[in-house]
Amino acid sequence: MSNSAAARRGPAPRREITLTAGMLALTLIATAYLAEDLLLAIVHAGDNSLDVAGIALFATVIFILIYGNLVYLVTRIGYFVRRAGHRPPAFEDVIRAHWDEAEPIAVLVPSYKEDVRTIRQTLLSAALQHHPNMRVVLLLDDPQHPGDRESLALLLAARRVPGEITALLREPKDLIEGAFGRFRQRQAAGDAGPRAEVRALVQIHQELIAWMDRCVAGTGSSDHTDAHFLTVTFGQHQAVLRASARRLMAELARGSVSATDVERAYQRLRAVFDVEITVFERKRYQNVSHEANKAANLNTYIGLLGRTVRERWHADGLHLEVVDENGAGHEDLTVPDASFVLTLDADSMLTPDYALRLSSVFGEAGNDRVAVVQTPYTAIPGAPGTLERIAGATTDIQYIVHQGFTWCDATFWVGANALLRKRALEEIRTDEEERGYLVPKYIQDHTVIEDTESTVDLAFRSWTLRNYPERLAFSATPPDFGSLLIQRSRWANGGLLIIPKLVRHALTQPLAAITIPSFLVRLYYLSSIATSSIGMLILLLLPVDAALFSIWLMVPMVAYGSTYWRDLLQSGYRPGDVLRVAALNLMLIPVNLAGVLKSMQQGATGIRTPFARTPKVEGRTAAPAWALLSLWLLMTWAVVVGGVHILEHRWLQAVFSLVVAAGFS
1392 MSNSAAARRG
1402 PAPRREITLT
1412 AGMLALTLIA
1422 TAYLAEDLLL
1432 AIVHAGDNSL
1442 DVAGIALFAT
1452 VIFILIYGNL
1462 VYLVTRIGYF
1472 VRRAGHRPPA
1482 FEDVIRAHWD
1492 EAEPIAVLVP
1502 SYKEDVRTIR
1512 QTLLSAALQH
1522 HPNMRVVLLL
1532 DDPQHPGDRE
1542 SLALLLAARR
1552 VPGEITALLR
1562 EPKDLIEGAF
1572 GRFRQRQAAG
1582 DAGPRAEVRA
1592 LVQIHQELIA
1602 WMDRCVAGTG
1612 SSDHTDAHFL
1622 TVTFGQHQAV
1632 LRASARRLMA
1642 ELARGSVSAT
1652 DVERAYQRLR
1662 AVFDVEITVF
1672 ERKRYQNVSH
1682 EANKAANLNT
1692 YIGLLGRTVR
1702 ERWHADGLHL
1712 EVVDENGAGH
1722 EDLTVPDASF
1732 VLTLDADSML
1742 TPDYALRLSS
1752 VFGEAGNDRV
1762 AVVQTPYTAI
1772 PGAPGTLERI
1782 AGATTDIQYI
1792 VHQGFTWCDA
1802 TFWVGANALL
1812 RKRALEEIRT
1822 DEEERGYLVP
1832 KYIQDHTVIE
1842 DTESTVDLAF
1852 RSWTLRNYPE
1862 RLAFSATPPD
1872 FGSLLIQRSR
1882 WANGGLLIIP
1892 KLVRHALTQP
1902 LAAITIPSFL
1912 VRLYYLSSIA
1922 TSSIGMLILL
1932 LLPVDAALFS
1942 IWLMVPMVAY
1952 GSTYWRDLLQ
1962 SGYRPGDVLR
1972 VAALNLMLIP
1982 VNLAGVLKSM
1992 QQGATGIRTP
2002 FARTPKVEGR
2012 TAAPAWALLS
2022 LWLLMTWAVV
2032 VGGVHILEHR
2042 WLQAVFSLVV
2052 AAGFS
């Protein structure tokens, strides 16, 4: 059973809400008693300032970790509350209600030195969205003049992918155009009978399904990512076509199909496969941002939407200049405008209903100030390696947490995939000078977690964000420790720098029932990687009196651990994987601390941390020596400390230290 299949079936929300509320109550009660015990310990320490400081530090770490437990339990309740109230309409009903009014979407896929397979899968996933008005743009950010043959070959191959996909889609497009043309000829001649026309239309659906079968057979599957891509992109699209054909036959049986209905069905099919796919390379032009990060890549193209531009040579190189529409010439390019921008990382894939389902949310009553609708991504199931599978498990748990964030009015934009209202981006736009040129910034790049900072920018403008409670997006998980280290170090870098902005926003808000919980959840999200990593390191290094390890300390740990274990099982993972997740989190302590230190360095010096892309090419990415050395040192320290505790008969501390050592091993 796949992880995603288990998640879709899911447990009963009411039972899970009750269970989680019970764990939350136990945690709060135990925390109160633990606070009393620690306060008494400080009193008994008397004038021994060293003991008082040690107990106070221990208490601070423990309460910060319990704070994280409470946020997890609260967001889990929120996740199941939202699931209980979520009744997703059949996609055919979504099409019927929203197809004609669907506004244009620009799908932007930023890419930097990605392998061709990854780019092709992401672009195909975007191009085969069941939406009538989309453009797909590969924002290729590779160096324009690579210094080696391999990089040059990668660049040239990436440039060809949009054209290759356009050529691939020409067959179904021509098939539909031909059938549609014949229908209109029969209609003009008065020979278009509803029964025969519906059967001809259903036959076109079947031929499109057969074309997708040929695509699957021709593509092949070399690993779990390929297999999942074929299922999500082609398999689910075939399911949409079959549902459409069944609906047509059912309406024919009821006698409710008109020539207009048949014409609209042809137009719908034509719109799905008539997608413009192009490539844009900002580094060709001297007068745009050259900052080495994803935000700058996105900002450059967003700033061109709806504008007419012209290439012109200057002394310093090629420029891309905006021109007045009245003065535009035949060689100028008008970039079509869009109401929404769909940002999609080049290692992600979407189900075919993603764009239309999520764009329909913007039009619902009360959603006028919703800026971002997204579905937190799920790990691609079926990973063959233990590390990739367990890292993916932490991603799937974060899906639950992020859905609970929306219940707490504390949603964060997750950059792997998101549908953005362009009008909201215009409101948070700033202009900054770079290399003597004025460049637009819709998405701030002060940190390497640009989507997180932009969440607070949107909140300042009274925009809200929404996580759609369905698993409609999937992203690759790093397959080895070297690439995972790069990804998680980047995630750990930047949260602390955003906290002052979050505090300023909170101070400007009127006090309401949701204000404080929302702030506390967002504060936890920004600080948790730093506080939990530093906290665990302190617990490992700090000699703690056995008397402080009371039963009240165990209760929050058991409540959190058992609930986390339950979520892993319900997401399709193995019973023992909770221990592997704990071990992975221990291994990531030095990695997270490295990211936190980079944040502190940037805060002190003002020098931005370079964006580090997560490698996704086949093969292993070597972990740096400092990371491996730090793991060995921490494991050795834990073993030594555990041995000392055994010699001094401090059994609880000994168990803790040796369990930590086992995790590092």
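Here the sequence shown is numbered in the numbering used here, starting from 1392 and rising by one per residue.
Virtual Cβ for every residue (Gly too), placed ideally from N, Cα, C.
Quiz prompt | Between the CA atoms of Met-1948 and Ile-2037 - distance to the nearest angstrom | solution = Ile-2037 and Met-1948: Cα-Cα distance of roughly 23 angstroms.
Self-check item: Residues bridged to Ala-1809 [DSSP beta-bridge criterion]
Solution: Bridge partners of Ala-1809: Thr-1734.
Practice problem: State the CB to CB distance for the pair Val-2022 and Met-1978, rounded to an integer number of angstroms; the pair is presumed to be in contact (CB under 8 angstroms). | Solution: Note on identity: in this sequence residue 2022 is Leu, with Val being the wrong assignment. With 8 angstroms as the limit, Leu-2022 and Met-1978 qualify as a contact, their Cβ atoms being about 6 angstroms apart.
Exercise. Just mark Ile-1907 as buried or exposed, buried being the case when its beta carbon has 16 or more other beta carbons within 10 Å.
Key: Exposed: under 16 other Cβ atoms inside 10 Å.
Quiz item: Cβ atoms of Ala-1737 and Glu-1505: under 8 angstroms apart, would you say?
Solution: Yes. Within cutoff.
Quiz prompt | Sequence-distant residues of the same chain with beta carbon closer than 8 angstroms to Trp-1943, five excluded per side | solution = For Trp-1943, where only same-chain residues beyond five positions count, the Cβ hits under 8 angstroms are Ala-1421, Thr-1422, Tyr-1424, Leu-1425, Asp-1428.
Quiz item: For Arg-1385, which beta-bridge partners are listed by DSSP?
Solution: In this structure the chain extends from 1392 to 2056, so residue 1385 is not present and cannot be described.
Quiz item: Do Ile-1890 and Arg-1467 have their C-beta atoms within less than 8 angstroms of each other?
Solution: No; because the gap between Cβ atoms is not below 8 angstroms, this pair is not in contact.
Quiz prompt | Arg-1895 and Val-1761 closer than 8 angstroms at C-beta | solution = With respect to Val-1761, Arg-1895 sits apart: the two C-beta atoms are not nearer than 8 angstroms.
Quiz item: From Arg-1405 to Glu-1555, what does the alpha carbon distance come to, in whole angstroms?
Solution: The straight-line gap separating the alpha-carbon atoms of Arg-1405 and Glu-1555 is approximately 49 angstroms.
Practice problem: Give the secondary structure of Lys-1674 by DSSP, where H, G and I count as helix, E and B as strand, and everything else as coil. | Solution: Helix at Lys-1674.
Quiz item: What residue range is occupied by the uninterrupted alpha helix (DSSP H) comprising Arg-1857?
Solution: Run containing Arg-1857: none in the alpha helix (DSSP H); it sits in the beta strand (DSSP E), 1855 to 1858.
Quiz item: Counting only runs that start and end within the stretch 1791 to 1838, where is the alpha helix (DSSP H) found for 4 or more residues in a row?
Solution: With a minimum length of 4 residues, the continuous alpha helix (DSSP H) runs that stay inside the stretch 1791 to 1838 are 1813 to 1818.
Quiz item: First and last residue of the beta strand (DSSP E) that includes Pro-1891?
Solution: It is not in any beta strand (DSSP E) - Pro-1891 instead sits in the alpha helix (DSSP H) that spans 1886 to 1899.
Quiz item: Of all the options Val-1498, Gly-1806, Leu-1546, Arg-1655, which has the alpha carbon lying nearest to the alpha carbon of Ile-1668?
Solution: The shortest C-alpha separation from Ile-1668 is found at Val-1498.
Quiz item: Apart from the five residues on each side of it in sequence, which residues of its chain come closer than 6 angstroms, Cβ to Cβ, to Gly-1994?
Solution: Here the set comprises Leu-1888.
Quiz prompt | Own chain partners of Phe-2055 with C-beta closer than 6 angstroms, once the 5 adjacent residues on each side are dropped | solution = Leu-1977, Leu-2022, Leu-2025, Met-2026.
Quiz item: Just curious, the alpha helix (DSSP H) that Arg-1526 is in, first and last residue?
Solution: No alpha helix (DSSP H) contains Arg-1526, which is instead part of the beta strand (DSSP E) from 1525 to 1531.
Practice problem: Would you decide whether His-1596 is buried or exposed? Buried here means 16 or more other CB atoms lie within 10 Å of its CB. | Solution: Sixteen is the threshold: when 16 or more other Cβ atoms of the shown chains lie within 10 Å of the Cβ of His-1596, as they do, the residue is buried.
Practice problem: Provide the residue(s) that pair with Ser-1502 in DSSP beta bridges, ordered along the chain. | Solution: DSSP links Ser-1502 through a beta bridge to Leu-1531.
Exercise. Report yes if the C-beta distance between Pro-1402 and Gln-1961 is below 8 angstroms; otherwise report no.
Key: It is a contact, given that the beta carbons lie within the stated cut-off.
Quiz item: When the Cα atoms are used, what is the spatial distance from Val-1663 to Ser-1750?
Solution: Looking at the two C-alpha atoms, the distance is approximately 16 angstroms.
Exercise. Would you mind stating whether Met-1525 and Val-1623 have Cβ atoms separated by less than 8 angstroms?
Key: In this structure, Met-1525 keeps its C-beta atom at 8 angstroms or more from the C-beta atom of Val-1623.
Quiz prompt | Beta-carbon contacts of Pro-1767 that lie in its chain and below 8 angstroms, excluding the five residues immediately before and after | solution = Beyond the five residues adjoining it in sequence on each side, Pro-1767 comes within less than 8 angstroms, by CB distance, of Gln-1789, Tyr-1790, His-1793, Gln-1794, Val-1805, Asn-1858, Ala-1864 in the same chain, given in chain order.
Quiz item: Can you list, in chain order, the residues of its chain whose CB lies under 6 angstroms from that of Leu-1415, leaving out five sequence neighbours each side?
Solution: Around Leu-1415: Leu-1464.
Quiz item: Gly-1697 to Asp-1759, Cα distance in whole Å?
Solution: For Gly-1697 and Asp-1759, the distance between alpha carbons rounds to 22 angstroms.
Self-check item: Proximity to Ala-1656 [Cα-Cα], best of Val-1507, Phe-1872, Leu-1632, Gln-1627
Solution: Between Ala-1656 and the set Val-1507, Phe-1872, Leu-1632, Gln-1627, the nearest pair of CA atoms involves Leu-1632.
Self-check item: Three-way DSSP call (helix, strand, coil) for Ile-1496 in this model
Solution: Reduced to three states, the DSSP call for Ile-1496 is strand.
Quiz item: If you pair each beta-carbon of the stretch 1865 to 1877 with each one of the stretch 1772 to 1785, do three or more pairs fall below 8 angstroms?
Solution: The stretch 1865 to 1877, when compared against the stretch 1772 to 1785, does touch it at the 8 angstroms Cβ threshold.
Exercise. Spell out the partners DSSP gives Glu-1667 in its beta bridges.
Key: The secondary-structure analysis by DSSP pairs Glu-1667 across a beta bridge with Arg-1526.
Quiz item: Per DSSP, Ser-1866 is paired with what?
Solution: In the DSSP output, where bridge partners are listed per residue, Ser-1866 has Ser-1739, Ala-1770.
Quiz prompt | 7 angstroms CB neighbourhood of Ala-2052 in its chain, flanking five on each side removed | solution = Taken in chain order, the residues that qualify are Met-2026, Ala-2029, Val-2030, Gly-2033.
Quiz item: Near Thr-1786, which residues of its chain fall below 6 angstroms by C-beta distance, leaving aside the five closest residues on each side in sequence?
Solution: Closer than 6 angstroms at Cβ, skipping near neighbours: Ala-1770.
Self-check item: Nearest-angstrom Cβ-Cβ length linking Met-1603 and His-1628, presumed shorter than 8 angstroms
Solution: Indeed they touch by this definition, with Cβ atoms about 6 angstroms apart.
Practice problem: Measure the CB-CB distance between Asp-1707 and Gln-1677 and report whether it falls below 8 angstroms. | Solution: Yes.
Quiz item: Helix, strand or coil: which one does DSSP assign to Thr-1509?
Solution: Three-state DSSP puts Thr-1509 in a helix.
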